[in-house]
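In terms of the working numbering, the sequence shown opens at residue 2 and continues consecutively. Think of the CB as a built atom: it goes at the ideal place given N, C-alpha and C, for glycine as much as any other residue. Single-structure report; data block below.
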Amino acid sequence: MSDNQREAAIVWIAGNPEAGTSLGGGLRKVRIPREGWGKSGGFRTIYVFDGRHVPFFLVMVLAKNEKANLTPREQAAAVQQSKEIMSMWSKNECI
Numbered sequence: 002m003s004d005n006q007r008e009a010a011i012v013w014i015a016g017n018p019e020a021g022t023s024l025g026g027g028l029r030k031v032r033i034p035r036e037g038w039g040k041s042g043g044f045r046t047i048y049v050f051d052g053r054h055v056p057f058f059l060v061m062v063l064a065k066n067e068k069a070n071l072t073p074r075e076q077a078a079a080v081q082q083s084k085e086i087m088s089m090w091s092k093n094e095c096i
């Protein structure tokens, strides 16, 4: 993902933070199209969103042609990371 693509994804997610699919624990997954690659060439963007009073946190971006989904173990680890991020944020430990 280029810097311009990442910036566009962040702007889009900021305007649509509840889009995509909930993975649990505040973790969400949304498909971001990649220009010129068609539907199968987009990015799977995983981020933490715990409500509009909190910023979202970009956790990972996966090129769909390289990895379409997280394994159950990866998803469980990402959900745990999401919970830790939100805990840190609520304690003002997250910058």
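- [ ] Return yes when the Cβ of L63 is within less than 7 angstroms of the Cβ of R35, no when it is not.
- [x] Numbered from 1 along the sequence shown, position 34 holds the residue referred to as residue 35. Numbered from 1 along the sequence shown, position 62 holds the residue referred to as residue 63. Against a cut-off of 7 angstroms, the Cβ pair of L63 and R35 comes out as no contact.
Open item on the list: Helix, strand or coil, according to DSSP, for M1 in the structure here?
Closed with: With the chain covering 2 to 96 only, the question about residue 1 has no answer from this structure.
Task: Close Cβ partners of W90 (< 7 angstroms) along its chain, the five nearest in sequence each way excluded - done: To locate residue 90, count along the sequence shown from 1; it is residue 89. Short of 7 angstroms from the beta carbon of W90, and not among the five residues preceding or following it, lie these beta carbons of its own chain, in chain order: V55.
- [ ] Quick one: grab the DSSP three-state call for R29.
- [x] Indexing the sequence shown from 1 puts residue 29 at position 28. Judged by DSSP in its simplified three-state form, R29 adopts strand.
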